[in-house]
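J.: I have a structure here, written as structure tokens, and I will follow up with some questions on it.
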Amino acid sequence: LSVGDMWWGGEIQNGWGLNIVQQAGSLFGVWFTYGTDGRNTWFVLPAGTWSGTTYSGAFYSTTGSPWLGVNYNPVQLVATAVGSMSLIFSNANSATFSYNFTSGPFAGTSQSKALVRQQF
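And the structure:
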């Protein structure tokens, strides 16, 4: 199943989504959404495992060195596990995105959202 692409909640949930990069059976996901203050925030799913058509793993928030206009300092990268997520693919164009925050400002929040592949 080839799922690497931009995914989102559709027009009724415009403004957030998930970018998935796929290499063979491995996925790397970047979830772009909004924080408790309404500002943009990002979470990463750097690894996971497949069980049938479900891909799941831990997701992280990150902080680090600025890189624009200055020399990047890789030792400043801090990745903090904040929960778990799963992607259940119905087919190559639709999925269910479920997540559970275990720490951070959203601790205790669990939801499932329908995703569709973003058409270009």
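Just so we're aligned, residue 1 is where the sequence shown starts under our numbering, counting upward by one.
Cβ coordinates follow ideal geometry from the N, Cα and C atoms, glycine included.
Fair warning: this is a prediction, and the values are worked out from it, not measured in the lab.
#1: Going by DSSP, name the residue or residues bridged to S26.
#2: Does at least one heavy atom of the ligand SAM sit under 8 angstroms from the Cβ of T63?
#3: The beta strand (DSSP E) that contains V78, what's its start and end?
#4: According to DSSP, what are the bridge partners of T63?
#5: Check each candidate in E11, K113, M6, A58 and name the one with the smallest Cα separation from Q22.
T.: Reading it off the structure:
#1: Q23
#2: The ligand SAM is absent from the structure shown, which contains no ligands of any kind.
#3: 78-91
#4: V78
#5: M6
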